[in-house]
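In full-length UniProt numbering, the protein residues as written are 1 to 343.
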């Protein structure tokens with residue numbers, strides 16, 4: 001990309017990463033580029049107006065129409081298929097406002113020399129906060145106490161103020177983290193601040209950590225009253241926590257998963273909850289999404305906290321995603337190496 005070219009960008013947003021967020025972030029980044037170029041004495045041609053697509057998910061035809069003559073596409077879930085790429089020969093850069101470009105045909109993009117970038121780390125803080133929120137909800141049985149009062153006007157939830165039915169607190173509680181990446185490391189710091197006894201199992205992470213490093217998954221499970229999953233989903237980690245692993249947990253343990261549903265064997269989890277081997281589970285992700293109506297989890301309302309994959313749903317995440325994507329556009333305009341490029 002040279003400073004003599006006039007760039008046309010399409011912001012193909014959706015109900016979460018709004019096109020207006022993308023437009024503002026791109027315009028801010030390009031203005032920074034313009035100021036820098038002028039300070040260095042290099043002329044910069046006017047930057048073309050950003051075209052917006054309001055809801056790009058599954059909208060191939062609308063996307064193709066909007067991309068006529070455009071060199072850059074910034075999107076959250078716009079379908080960048082082989083058909084779209086073939087119909088848009090001017091397209092040179094696609095930036096996806098997600099941790100991975102699942103909506104882009106990478107092979108077709110590579111064949112057409114289209115650079116594809118993504119926005120890593122945009123939801124780490126939000127997911128970590130949500131993990132701790134779900135953990136506290138399960139430990140203190142907050143949803144179960146809320147429901148009778150808010151929906152029925154019943155004070156029945158006050159029966160949790162007995163020794164037998166009251167919950168656990170995080171202080172001094174042994175909590176095991178399976179995985180210590182961008183989310184897991186944040187969760188560990190927060191739990192340490194609560195005074196929990198944090199243990200970590202992650203064979204791929206070295207160096208200093210918050211908490212006690214445990215060298216085996218089995219050792220972590222045997223010593224943890226709560227486990228929370230933060231591993232990546234790979235062929236190696238699919239079904240990582242099954243019946244055997246759940247059986248290693250102390251009686252009455254709690255399982256939290258705000259990472260990826262297939263890390264956990266849901267059938268084995270339901271068996272352990274129904275038998276009373278586990279006291280509770282808090283889940284935001286599932287083996288099948290949306291959660292099917294026949295899921296056994298839906299019949300375990302008193303022992304589970306269930307949310308519909310909301311861990312990364314904060315306004316800050318949408319704003320960060322737009323900003324990270326716009327920064328890639330700025331690098332491309334300035335002719336700098338792209339930071340998060342896959343093609």
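We put the CB at the ideal spot given by N, CA and C, even for glycine.
Query	Result
N-terminal and C-terminal residue of the beta strand (DSSP E) that residue 279 is part of	278 to 283
Under the three-state DSSP convention, the category residue 160 falls into	helix
Min CB distance residue 260 to chain C below 8 Å	Annotation note: the requested chain C is absent from the structure, which comprises a single protein chain.
For residue 262 and residue 235, the rounded distance between their alpha carbons	10 Å
C-alpha distance - residue 257 paired with residue 79, whole-angstrom precision	29 Å
Sequence-distant residues of its chain with Cβ nearer than 6 Å to residue 182 (five each side left out)	121 and 124
Which residues DSSP lists as bridging residue 257, in chain order	229 and 283
Residue 282 vs residue 246 beta-carbon contact at 8 Å	no
Residue environment, residue 375, which counts as buried when at least 16 other CB atoms sit within 10 Å	The requested residue 375 is not part of the displayed model; the chain covers only 1 to 343.
Top-ranked residue by Cα proximity to residue 238, from 264, 114, 252 and 228	264
Proximity of residue 76 and residue 17 at Cβ, strictly below 8 Å	yes
Short Cβ contact (8 Å threshold) for residue 32 with residue 330	yes
Proximity below 8 Å, CB of residue 325 to CB of residue 114	no
CB of residue 94 within 8 Å of CB of residue 108, strictly	no
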